[in-house]
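Protein chains in written order, with the numbering used here: chain L, 25 to 422; chain C, 4 to 462.
Glycine included, each C-beta is placed from N, C-alpha and C at the ideal position.
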């Protein structure tokens with residue numbers, strides 16, 4: 025057994041009352057507060073207490089549904105969500121150190137708007153913003169916008185290609201102001217040096233964007249972009265375009281394959297020297313004994329009248345048992361995990377107060393946040409990116 | 004005949020990306036860093052203001068095909084800053100300018116409903132329109148909207164958003180763990196809207212916010228804009244801040260409400276107003292002149308004339324007379340991304356009139372521009388300014404003012420410290436927030452939910 029290992033990166037997904045559709049019925053779940061900031065502030069504060077790298081905030085452009093792609097008729101599950109970017113902005117000024125990675129849907133939104141929104145989240149959080157870029161092939165979501173034929177959204181590879189373009193536009197817009205563009209030169213009367221503001225001139229099959237952004241370059245230069253890969257195409261998108269890739273393996277062999285696909289796509293895109301995190305996703309139910317956790321899940325399934333068979337691997341067990349599994353799978357090249365608590369009211373604190381100390385004892389997780397005004401990139405070990413336009417100008421000057 | 008003294012509504016406009024904002028002052032801070040917004044918002048809340056107001060523009064301004072670099076450039080995203088400000092204020096309304104052309108109703112309604120939840124009922128929306136291909140170059144559809152359709156789209160957009168806000172009944176969420184009922188009715192959020200701008204249907208996914216709908220602002224001054232406001236807005240952000248113009252505008256717009264079945268008090272008239280305070284009126288006048296000189300450099304004065312002349316005037320001396328050459332008539336090509344160039348409908352006549360006025364007073368280009376543009380609304384000692392504000396409101400020139408300071412982020416401090424107490428002494432400004440929501444504090448009724456065809460049409 026190795027004595028030293030690189031610490032894991034750990035994130036938690038915050039979605040309603042938890043991943044299980046009956047989570048809202050559990051003790052402590054506060055189902056009447058799911059649309060109040062106080063509830064979310066308590067969750068984010070708990071995540072920060074556990075020294076996590078970041079939280080993801082789930083979102084979508086239609087109500088949740090038990091029938092993918094169309095509305096259902098259930099009244100016994102949580103329906104309704106707050107806009108995740110705005111929720112993150114509401115929380116970030118009140119929670120220190122933790123990164124905020126809200127989900128946003130590429131397929132029906134404007135890259136210009138999302139670019140400035142995430143840049144602004146980076147300003148209000150002092151460099152702790154990220155973005156989870158997701159695509160949508162749902163006919164129901166398309167009908168909420170009325171702009172795109174659902175048939176044109178059926179091919180996941182095409183949606184992922186658009187997502188690649190969309191992420192590229194976000195990054196170009198973040199770079200469209202060089203860091204020192206604002207000069208406030210009272211002698212010449214110029215507020216900005218307009219030679220340091222750049223048209224991004226992106227043109228692709230789905231959109232063209234002129235630029236520059238209306239918002240100056242964010243504190244992190246580029247907030248980390250994450251994608252949640254559901255298939256090979258998603259993994260390749262992650263390798264090409266993202267800083268963080270979530271993958272949901274059912275075994276360590278699947279984890280190893282996913283990491284391999286991401287690394288290969290990274291190399292093809294000429295990004296082999298960049299850090300791209302591949303985080304494994306697990307749904308977790310944590311209790312003092314493995315049987316207690318399994319019984320709790322069985323009880324929740326009975327309440328909901330269903331068994332969760334789709335989606336990520338489900339772990340039921342003790343925090344120490346989960347710590348061992350996470351370290352075991354990390355040998356496949358996963359650099360960390362995004363955990364989806366089955367019941368936030370129960371499993372979030374089991375992560376922060378049970379799993380995290382267990383990982384710390386194994387030397388696999390930070391003992392404190394680094395001091396000072398550290399950014400999410402700092403927590404993830406990602407350097408602040410060079411500005412492509414600054415680099416281009418420097419090259420032209422040679 | 005006496006009526007009760009009207010309360011003065013006060014709001015704070017974060018300094019914008021134009022030459023009203025003085026960035027060259029050593030006290031001027033960042034207009035991007037969150038700390039500036041926090042200071043500004045908390046000052047407004049300390050002064051018990053109704054709301055903070057953010058403007059928006061979706062493309063950096065250009066002149067002669069290059070980014071205009073003499074004014075403040077750049078701003079953060081409106082929604083995101085307002086959501087963050089909800090974390091550091093408790094009562095202040097949060098008004099965002101959001102374009103109805105380069106957005107979609109489902110997304111904007113989600114964002115405003117979310118902001119209303121996250122702020123405990125403090126969200127407001129200044130609905131603006133644009134159509135220009137210049138701004139459109141930043142968006143998926145480009146400049147798709149003919150100019151004459153912009154208000155039609157804006158109204159359709161707003162009506163659609165209202166249907167979305169109203170699609171969740173107030174009591175839709177039961178969240179009862181005992182019975183296992185989260186929703187009262189599985190059809191919460193169901194909507195269907197079809198007109199020539201939008202053809203959408205499905206389920207909205209944000210429950211109704213504390214205010215039901217955000218407070219709606221309208222800012223356009225045209226005939227169509229006024230009619231839009233009379234039909235659909237809760238407040239107007241106007242530019243008529245003087246006694247005569249203000250009273251005429253006030254009477255005109257309030258007079259339109261009856262046709263939509265609305266009482267006059269359902270629409271607030273809130274002009275933008277700038278101010279300069281001093282220890283005495285004379286001191287304030289002197290400071291106001293210094294501010295004007297800082298706002299209008301020689302270069303700024305020339306660039307301003309170019310917006311009327313529609314040609315390059317960089318060869319002219321700003322300390323010399325106005326150009327003898329006539330404006331270039333036809334498509335405006337010099338300045339892009341400014342609403343104000345549309346105000347100069349007859350540039351030849353404007354130029355002629357300005358030349359005569361400047362010559363009569365023997366003014367240079369810079370002196371002329373300093374005097375004829377953007378003079379401060381209120382200049383005087385705190386007592387003078389409090390008296391002017393109160394009289395204008397009591398005379399029905401307005402229901403209050405949206406104050407536009409010239410310094411970021413401290414431009415409001417002196418007003419709150421010195422003028423607000425005098426307005427309170429006069430009994431026309433609150434001494435504590437009375438309501439829970441922005442709608443309450445503005446004295447506006449809570450809108451009844453509408454369904455499909457229930458929108459107000461002129462009768």
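Taking the straight line between their C-alpha atoms, what separation do you get for residue 441 of chain C and residue 218 of chain C? In the second chain, residue 441 of chain C corresponds to position 438, counting from 1. In the second chain, residue 218 of chain C corresponds to position 215, counting from 1. Straight-line Cα distance between these residues: approximately 8 Å.
Rounding to the nearest angstrom, what Cα-Cα distance links residue 125 of chain C and residue 418 of chain C in this structure? Position 122 of the second chain holds residue 125 of chain C. Position 415 of the second chain holds residue 418 of chain C. Roughly 23 Å separates the two Cα atoms.
At the 8 Å Cβ level, is residue 141 of chain C part of the contact set with chain B, yes or no? Among the protein chains of the structure shown, namely L and C, there is no chain B.
Residue ranges of each alpha helix (DSSP H) within the stretch 366-413 of chain C, 4 or longer: Runs found: 368-375 and 385-397.
Could you check what DSSP says for residue 444 of chain C in three-state terms: helix, strand or coil? Sequence index remark: in the second chain, residue 444 of chain C carries index 441 (1-based). Here residue 444 of chain C sits in helix by DSSP.
At 4 residues or longer, what runs of the alpha helix (DSSP H) sit wholly inside the stretch 45-121 of chain C? 81-88 and 108-121
Considering only their Cβ atoms, is the gap separating residue 156 of chain C from residue 167 of chain C smaller than 8 Å? For this step, residue 167 of chain C is matched to residue 164 along the second chain. For this step, residue 156 of chain C is matched to residue 153 along the second chain. Not a contact, by the Cβ cut-off of 8 Å.
In this structure, how does DSSP classify residue 457 of chain C when only helix, strand and coil are distinguished? Here residue 457 of chain C corresponds to residue number 454 of the second chain, with the count starting at 1. Below a pLDDT of 50, predicted positions are generally treated as unreliable, and residue 457 of chain C, at 47, falls in that range; the measurement from the model is reported next regardless. Residue 457 of chain C: coil per DSSP, three-state reduction.
Can you look up residue 304 of chain L in the DSSP assignment and give me helix, strand or coil? For the purposes of this step, residue 304 of chain L is identified with residue 280 of the first chain, where counting begins at 1. The answer is strand: DSSP assigns residue 304 of chain L an E or B state.
Taking the alpha carbon of residue 345 of chain L as the reference point, which residue from L:76, L:107, L:317 and L:322 has its own alpha carbon closest? Walking along the first chain from the start, residue 345 of chain L turns up at place 321. Looking at the Cα atoms, L:317 is the closest of the given residues.
Rounded C-beta distance between residue 127 of chain L and residue 81 of chain L? I'm assuming under 8 Å. By 1-based counting over the first chain, the position of residue 127 of chain L is 103. By 1-based counting over the first chain, the position of residue 81 of chain L is 57. Yes, they are in contact, since the Cβ atoms of residue 127 of chain L and residue 81 of chain L sit about 6 Å apart, within 8 Å.
Does residue 39 of chain L come out as helix, strand or coil in the three-state DSSP assignment? Here residue 39 of chain L is taken as the residue at index 15 of the first chain, counted from 1. Three-state result, residue 39 of chain L: coil.
Among residues of its own chain, excluding the 5 on either side of residue 407 of chain C, which ones have a beta-carbon nearer than 8 Å to its beta-carbon? For the purposes of this step, residue 407 of chain C is identified with residue 404 of the second chain, where counting begins at 1. Excluding positions up to five away in sequence, the list reads 16, 18, 19, 23, 275, 276 and 277.
When DSSP labels each residue in this structure, what does residue 31 of chain C get in the three-state scheme? By 1-based counting over the second chain, the position of residue 31 of chain C is 28. Three-state DSSP puts residue 31 of chain C in coil, outside helix and strand.
Cβ-based burial, residue 416 of chain L [other Cβ within 10 Å; buried from 16]: If you number the first chain from 1, residue 416 of chain L lands on position 392. Residue 416 of chain L is exposed by the Cβ-count criterion.
CB-CB length for residue 509 of chain L against residue 193 of chain L, believed under 8 Å: The shown model of chain L, from 25 to 422, leaves out residue 509 of chain L, and the question about it has no answer.
Using the Cα positions of residue 53 of chain L and residue 399 of chain L, report the straight-line distance between them to the nearest angstrom. As a working note, residue 53 of chain L is residue 29 in the first chain. As a working note, residue 399 of chain L is residue 375 in the first chain. When rounded, the distance between both Cα atoms is 31 Å.
Which of helix, strand or coil does DSSP assign to residue 510 of chain C? Since the first residue shown for chain C is 4 and the last is 462, residue 510 of chain C is missing from the structure and cannot be characterised.
Do you know offhand how far residue 103 of chain C's Cα is from residue 132 of chain C's? Residue 103 of chain C sits at position 100 when you count from the first residue of the second chain. Residue 132 of chain C sits at position 129 when you count from the first residue of the second chain. Approximately 5 Å, taken between the alpha carbons.
Buried versus exposed, by CB contacts within 10 Å (16 or more), residue 260 of chain L: As a working mapping, residue 260 of chain L is identified with position 236 in the first chain. That one is buried.
Based on Cα-Cα distance, which residue from C:340, C:316 and C:292 lies nearest to residue 383 of chain C? For the purposes of this step, residue 383 of chain C is taken as the residue at position 380 of the second chain. For the options C:340, C:316 and C:292, the alpha carbon positioned closest to that of residue 383 of chain C is the one of C:292.
Name the one or two DSSP bridge partners that residue 426 of chain L has. Coverage of chain L is limited to positions 25 through 422, which leaves residue 426 of chain L absent and any answer about it impossible.
Which residues in chain L have a C-beta closer than 8 Å to the C-beta of residue 296 of chain C? List them in chain order. Reading the second chain from its first residue, position 293 is the one you call residue 296 of chain C. Neighbours of residue 296 of chain C on chain L: none; closest Cβ ~12 Å, over 8 Å.
Tell me the start and end of each unbroken beta strand (DSSP E) in the stretch 72-155 of chain L that is at least 3 residues and wholly inside, in chain order. 78-81 and 123-129
Answer yes or no: do residue 361 of chain L and residue 340 of chain L have a C-beta to C-beta separation smaller than 8 Å? Position 337 of the first chain, counting from 1, holds the residue named residue 361 of chain L. Position 316 of the first chain, counting from 1, holds the residue named residue 340 of chain L. Contact flag unset, no.
Quick check on the burial criterion: 16 or more other C-beta atoms within 10 angstroms. Buried or exposed for residue 434 of chain C? In the second chain, residue 434 of chain C corresponds to position 431, counting from 1. With fewer than 16 Cβ atoms within 10 Å of its Cβ, residue 434 of chain C is classed as exposed.
Taking contact to mean 3 or more Cβ pairs, one atom from each stretch, closer than 8 Å, check whether the stretch 259-276 of chain C and the stretch 188-197 of chain C are in contact. no
In whole angstroms, what separates the C-alpha of residue 193 of chain C from that of residue 249 of chain C? For this step, residue 193 of chain C is matched to residue 190 along the second chain. For this step, residue 249 of chain C is matched to residue 246 along the second chain. Using only the alpha carbons, I get a separation of about 43 Å.
Beta strand (DSSP E) containing residue 3 of chain C: first to last residue? For chain C, the structure presents residues 4 to 462; residue 3 of chain C sits outside this window and is missing.
May I ask which residues mark the beginning and end of the beta strand (DSSP E) holding residue 274 of chain C? In the second chain, residue 274 of chain C corresponds to position 271, counting from 1. Element bounds for residue 274 of chain C: 271-276.
Find out if the Cβ-Cβ distance for the pair residue 79 of chain L, residue 71 of chain L is shorter than 8 Å. Within the first chain, residue 79 of chain L is the residue found at index 55, counting from 1. Within the first chain, residue 71 of chain L is the residue found at index 47, counting from 1. For residue 79 of chain L and residue 71 of chain L, yes; Cβs fall inside 8 Å.
Distance, residue 350 of chain L Cα to residue 12 of chain C Cα: Numbered from 1 along the second chain, position 9 holds the residue referred to as residue 12 of chain C. Numbered from 1 along the first chain, position 326 holds the residue referred to as residue 350 of chain L. Approximately 58 Å, taken between the alpha carbons.
Which residues in chain L sit within 7 Å of residue 310 of chain C, going by Cβ to Cβ distance? Reading the second chain from its first residue, position 307 is the one you call residue 310 of chain C. Residues of chain L passing the Cβ test: none, with the nearest at roughly 17 Å.
The beta strand (DSSP E) that contains residue 178 of chain C, what's its start and end? Within the second chain, the letter at position 175 stands for residue 178 of chain C. From DSSP, the beta strand (DSSP E) with residue 178 of chain C extends over 176-179.
Could you tell me which uninterrupted beta strand (DSSP E) segments, each at least 3 residues in length, are contained entirely in the stretch 338-409 of chain L, listed from first to last along the chain? 360-365
Suppose the cutoff is 6 Å on Cβ atoms and the five residues either side in sequence are ignored; what does the same chain contact list for residue 28 of chain L look like? In the first chain, the residue the question calls residue 28 of chain L occupies position 4. For residue 28 of chain L, the predicted model reports a pLDDT of 48, less than 50, meaning its position is unreliable; a value from the coordinates is still stated below. Cβ neighbours of residue 28 of chain L beyond the five flanking positions: none.
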